[in-house]
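Under UniProt numbering, the sequence shown has 58 at position 58, and the numbering climbs by one with no breaks. Glycine included, every Cβ here is placed at the ideal spot set by N, Cα and C. Please read all numbers here as calculations on a predicted model, not as lab measurements. Below is one structure, written out as structure tokens; comments come after it.
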Amino acid sequence: MKCNKNVILSTKIFSLLDQELKRVLMHFGEIFLGVLIFTHLFKRPIRDEQTMWANHMLRQSTL
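If you want it as structure tokens, here you go:
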């Protein structure tokens, strides 16, 4: 009987841990997805701005 209770208790604990782990992993997944989307959306304008700045500096140095 005692062994059975321990098994039930351990499975309950593991299921709770599993739920919490899934929640944490989903949260990290959402953050990761958000960061990916954010960087993908704002990558090009930043890069264009940097190339414009580099071209501007090159023109300044050649004058």
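Residues near residue i by beta carbon distance below 8 Å, same chain, minus five either side
i	result
N4	none
Rounded C-alpha distance that separates residue i from residue j
i	j	result
L41	R23	27 Å
L25	N6	28 Å
T62	D48	21 Å
F32	T39	11 Å
F14	M52	56 Å
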